[in-house]
Amino acid sequence: MSDLRFFVDPIRCIGCKACMQACSECATHKGKSMIHLEHIERGTSTQTAPMVCMHCDLPTCAAVCPADAIKRTEDGIVQSSQAPRCIGCSNCVNACPFGVPRYYPEIDQMLKCDMCYDRTSVGQKPMCASVCPSEALFYGTLEEFQARRKGTPKNTFQFGAQTITTKVFIVLPEGEVGLDMDVISHMDARFEPDAFDHLDPFAHLEPLPQAQGGLL
Numbered sequence: 018m019s020d021l022r023f024f025v026d027p028i029r030c031i032g033c034k035a036c037m038q039a040c041s042e043c044a045t046h047k048g049k050s051m052i053h054l055e056h057i058e059r060g061t062s063t064q065t066a067p068m069v070c071m072h073c074d075l076p077t078c079a080a081v082c083p084a085d086a087i088k089r090t091e092d093g094i095v096q097s098s099q100a101p102r103c104i105g106c107s108n109c110v111n112a113c114p115f116g117v118p119r120y121y122p123e124i125d126q127m128l129k130c131d132m133c134y135d136r137t138s139v140g141q142k143p144m145c146a147s148v149c150p151s152e153a154l155f156y157g158t159l160e161e162f163q164a165r166r167k168g169t170p171k172n173t174f175q176f177g178a179q180t181i182t183t184k185v186f187i188v189l190p191e192g193e194v195g196l197d198m199d200v201i202s203h204m205d206a207r208f209e210p211d212a213f214d215h216l217d218p219f220a221h222l223e224p225l226p227q228a229q230g231g232l233l
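Encoded structure:
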């Protein structure tokens with residue numbers, strides 16, 4: 018698994034939700050999807066971006082867990098919370114800079130993407146990457162990635178003065194060298210259609226005429 022990497026290329030996302038359906042069917046996910054789609058700019062674009070756990074080298078979620086319920090494997094996968102230990106405090110939900118962990122009150126537990134560790138630990142693709150028709154989610158070597166497309170994969174992100182390095186790579190336009198957070202707003206320039214550059218997303222409606230004597 019050491020040479021295999023996970024790449025997220027938002028520009029390729031078509032919003033089909035195949036990744037979410039496949040994720041929810043995993044035996045360990047209890048019918049819930051650990052991946053979700055973010056809308057880039059609701060007012061002017063239908064573009065979506067898949068959001069998975071970024072698997073930070075120094076995971077904040079694990080650092081703030083008072084019950085030590087979140088573990089990181091030797092090969093860099095940040096596991097979902099362990100049911101016997103998770104106390105449902107949501108510290109991890111609030112601390113994650115990428116907004117990934119979700120608390121599910123019906124089971125009183127946090128669940129998140131663990132990169133299908135039961136599959137990736139034996140060399141198989143994560144479920145989401147195996148069904149993505151546009152390869153917005155790609156799992157393979159760096160050489161395989163570069164042979165298929167252009168773009169600059171980055172796994173270092175800046176949150177103010179804090180630098181975070183992750184196991185998952187976000188694909189930037191070719192030639193870009195850095196990525197400031199907010200990730201989504203930074204990448205939005207690639208998705209916004211030129212024809213709608215000056216479009217006001219809110220229609221200006223004329224007021225209705227006042228009713229007079231029961232008639233308009």
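For the sequence shown, the working numbering gives the first residue as 18, with consecutive numbering after it. All C-beta atoms, glycine included, are put in the ideal place defined by N, C-alpha and C.
{"Query": "Beta-carbon separation (whole angstroms), leucine 128 vs serine 97, contact threshold 8 Å", "Result": "5 Å"}
{"Query": "Identity of the residue in Lys167, Arg29 and Met144 nearest alanine 39 by Cα", "Result": "Met144"}
{"Query": "For glycine 60 and serine 138, the rounded distance between their alpha carbons", "Result": "41 Å"}
{"Query": "Alanine 66: first and last residue of the uninterrupted beta strand (DSSP E) it sits in", "Result": "65 to 68"}
{"Query": "Where the alpha helix (DSSP H) containing phenylalanine 115 begins and where it ends", "Result": "Here phenylalanine 115 belongs to no alpha helix (DSSP H), and DSSP marks it neither H nor E."}
{"Query": "Residues bridged to proline 122 (per DSSP)", "Result": "None; proline 122 has no bridge partner."}
{"Query": "Neighbour-count burial assignment, isoleucine 124, 16 or more Cβ in a 10 Å radius", "Result": "exposed"}
{"Query": "Collapsed DSSP secondary structure at glutamate 55 in the structure displayed", "Result": "strand"}
{"Query": "Inter-residue spacing [alpha-carbon to alpha-carbon] between arginine 119 and glutamine 163", "Result": "33 Å"}
{"Query": "Counterpart residues of tyrosine 156 in DSSP-defined beta bridges", "Result": "Phe23"}
{"Query": "Inter-stretch contact at 8 Å, needing at least 3 Cβ pairs: the region 63 to 72 / the region 45 to 53", "Result": "yes"}
{"Query": "Contacting residues, own chain, Cβ-Cβ under 6 Å from isoleucine 181 (five flanking each side not counted)", "Result": "Cys73 and Phe174"}
{"Query": "Collapsed DSSP secondary structure at isoleucine 31 in the structure displayed", "Result": "coil"}
{"Query": "CB of cysteine 130 within 9 Å of CB of cysteine 78, strictly", "Result": "no"}
{"Query": "Helix, strand or coil at methionine 127 [DSSP, three-state]", "Result": "strand"}
{"Query": "Arginine 29 vs phenylalanine 186 beta-carbon contact at 9 Å", "Result": "no"}
{"Query": "heavy atom of the ligand MG below 8 Å from alanine 39 C-beta", "Result": "Judged by which ligands are present, the structure shown has none, so any question about the ligand MG falls away."}
{"Query": "Simplified DSSP assignment, three categories, for cysteine 133", "Result": "coil"}
{"Query": "Local conformation of valine 106 per DSSP, three classes", "Result": "Here residue 106 turns out to be cysteine, not valine, going by the sequence shown. Here cysteine 106 sits in coil by DSSP."}
{"Query": "Segment limits, beta strand (DSSP E) that includes threonine 77", "Result": "Not the beta strand (DSSP E): threonine 77 falls in the alpha helix (DSSP H), residues 77 to 80."}
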